[in-house]
Structures are given as C-alpha cells and as structure tokens.
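Protein chains in written order, with the working numbering: chain A, 384 to 495; chain B, 754 to 866. C-beta atoms are modelled at their ideal positions from N, C-alpha and C, and glycine is treated no differently.
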Amino acid sequence: DQQVKQNSPSLSVQEGRISILNCDYTNSMFDYFLWYKKYPAEGPTFLISISSIKDKNEDGRFTVFLNKSAKHLSLHIVPSQPGDSAVYFCAARSYNNNDMRFGAGTRLTVKP
Amino acid sequence: DTAVSQTPKYLVTQMGNDKSIKCEQNLGHDTMYWYKQDSKKFLKIMFSYNNKELIINETVPNRFSPKSPDKAHLNLHINSLELGDSAVYFCASSQNGPWKEQYFGPGTRLTVT
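Take a look at the structure:
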C-alpha cells in the first residue's frame, strides 16, 4: 500500500528556473514530512522537513509547502542549479512511530 | 568522520548462503534502521532498533535478523539467501522521538546469483 506517492518519475528544468516536486500521502496520521536527495551509489541525504503544525518551511533555495487538507506537499527549489540533479524522495511519518514511509522518488535533471 | 557507515559496499553471493552487512553510526543516535530498496527503487523499512529493543518489524522473512551489539551498531544477518533478496540495503539512524530526521549510510548492493 503506497501511503506516499510521487506521481512524477522525472522532471527536467533549466538552470536558474524553479523546480517543483510534488508528493501526496494517504495516511492522515502522518504529521512529519521530509525530503531526501539521493545521488547514484550514495545513501539518501536529508534535505528539509516540515511538521504538520506548519504549512511552509524554508531553507535557503529550498522551500517545502504542506497542504494538510489536500494531503499534499511540494518542494520548491529556486534557483535550480545543475548540482541539484538527483533523485528526490518524499517521506512521511507519524508522531508516535519511527516508521517512515517513502515515495518512489522523482529524478530531477537541471540543464545548464 | 563518516556519520553512518556500512560494509561491505558490494556483496555478491550464491543462493543458500548466509551473509551479514555491518552498520555503524557515530552520531550518538538512539535508533537505527535497515531499509531495502528494491528493483523499483522503493525504499521500504525492514527493522528499527531503539536501545537494543526491536520496535518495528515489517513483513520481513525471518531469514533476516538484525543484531545490535551496542547503540552504535546494527548489523543485518541474512540466512539462506534467495534470488529475490538482491537489492540495495541502507542503514540509517536518528534520535528517538517525533520530528527527527534519519541519516542514511551509503548502501550495500547485494546480488544473489
């Protein structure tokens, strides 16, 4: 049962433009959401997170938006850089459970 | 000063063998995890350990067993390996409690022939 879904397997963006990666979830118990970035042959690297008490969290070029009513979150990267090219995983967990569920990932390619 | 390390990085073995993958974290975290990334690239949690206590056990065959000699280590033992066990296995760690991110190791690519 895919409780976290990333429906776009890939995204291509021009350098300097905005990248928007989307994620949907089905489990209303989830209250903490994370984005991870993964390069080939490496483990996922934590990027940014947001708790359910917020609807936006910003860290430099990265902003995560949470729409609880729609069970949807998105990651905005602006401006996009070629070094941002990687697979981005959305993940979610609930308050009293260390069990973290991952989406299938979106491969972002930023073209120079 | 690697935060979460795994050995080996690559493991090729035959069906029926028993193998282990080691994981160590130097972050002082309370909880450690094992994930499996299958051929479809889904990351699925297998186990987590908190203070030497198993707190999550997904529907994983009992051929897989986590062993934690201390808080900094969580090794994965796999008995009677099968072709379907071929995957990339990631170790991770985190502080216990809500709203804590997990930090991942570089992964171990297991190939069963």
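Between residue i and residue j, how many whole angstroms is the CB-CB distance? I'm expecting something under 8 angstroms.
i: threonine 760 of chain B; j: leucine 834 of chain B; result: Actually they do not touch by this definition, with Cβ atoms about 17 angstroms apart.
i: tyrosine 408 of chain A; j: lysine 454 of chain A; result: 5 angstroms
i: valine 865 of chain B; j: aspartate 838 of chain B; result: 5 angstroms
Exposed or buried, which one is residue i when buried takes at least 16 other CB atoms within 10 Å?
i: serine 452 of chain A; result: exposed
i: tyrosine 478 of chain A; result: exposed
i: leucine 836 of chain B; result: exposed
i: glycine 860 of chain B; result: buried
i: glutamine 855 of chain B; result: buried
Going straight from the alpha carbon of residue i to that of residue j, what length do you get?
i: serine 395 of chain A; j: valine 387 of chain A; result: 22 angstroms
i: glutamate 777 of chain B; j: histidine 830 of chain B; result: 14 angstroms
i: alanine 487 of chain A; j: glycine 426 of chain A; result: 15 angstroms
i: glutamine 385 of chain A; j: tyrosine 471 of chain A; result: 17 angstroms
i: arginine 816 of chain B; j: asparagine 832 of chain B; result: 5 angstroms
i: serine 468 of chain A; j: leucine 491 of chain A; result: 5 angstroms
i: alanine 889 of chain B; j: tyrosine 786 of chain B; result: With chain B covering 754 to 866 only, the question about residue 889 of chain B has no answer from this structure.
i: proline 711 of chain B; j: asparagine 480 of chain A; result: Absent from the structure is residue 711 of chain B, since the part of chain B shown begins at 754 and ends at 866.
i: isoleucine 808 of chain B; j: arginine 400 of chain A; result: 43 angstroms
i: threonine 489 of chain A; j: lysine 853 of chain B; result: 23 angstroms
i: isoleucine 798 of chain B; j: glutamine 790 of chain B; result: 9 angstroms
Go through its chain and collect everything with a Cβ distance to residue i's Cβ below 6 angstroms, but skip five positions before and after it.
i: phenylalanine 448 of chain A; result: Lys439, Ser457
i: cysteine 406 of chain A; result: Gln389, Leu456, Cys473, Gly486
i: lysine 775 of chain B; result: Thr760, Asn828
i: histidine 782 of chain B; result: Ser846, Ser847, Gln848
With a cut-off of 8 angstroms, does the C-beta of residue i fall near any C-beta of chain B?
i: glutamate 425 of chain A; result: yes
i: serine 468 of chain A; result: no
i: serine 457 of chain A; result: no
i: aspartate 366 of chain A; result: Because chain A in this structure spans residues 384 to 495, residue 366 of chain A falls outside the shown range and cannot be described.
Leaving out the 5 sequence neighbours to the left and right, which residues in its chain are closer than 7 angstroms to residue i when beta-carbon positions are compared?
i: serine 434 of chain A; result: Asp414, Tyr415
i: lysine 820 of chain B; result: Asn828, His830
Closer than 8 angstroms, CB to CB, is residue i near chain A or not?
i: serine 801 of chain B; result: yes
i: proline 822 of chain B; result: no
i: glycine 858 of chain B; result: yes
i: glutamate 854 of chain B; result: yes
Apart from the five residues on each side of it in sequence, which residues of its chain come closer than 8 angstroms, Cβ to Cβ, to residue i?
i: lysine 772 of chain B; result: Leu764, Thr766, His830, Ile831, Leu834, Leu863
i: methionine 483 of chain A; result: Leu417, Ala474, Ala475, Arg476
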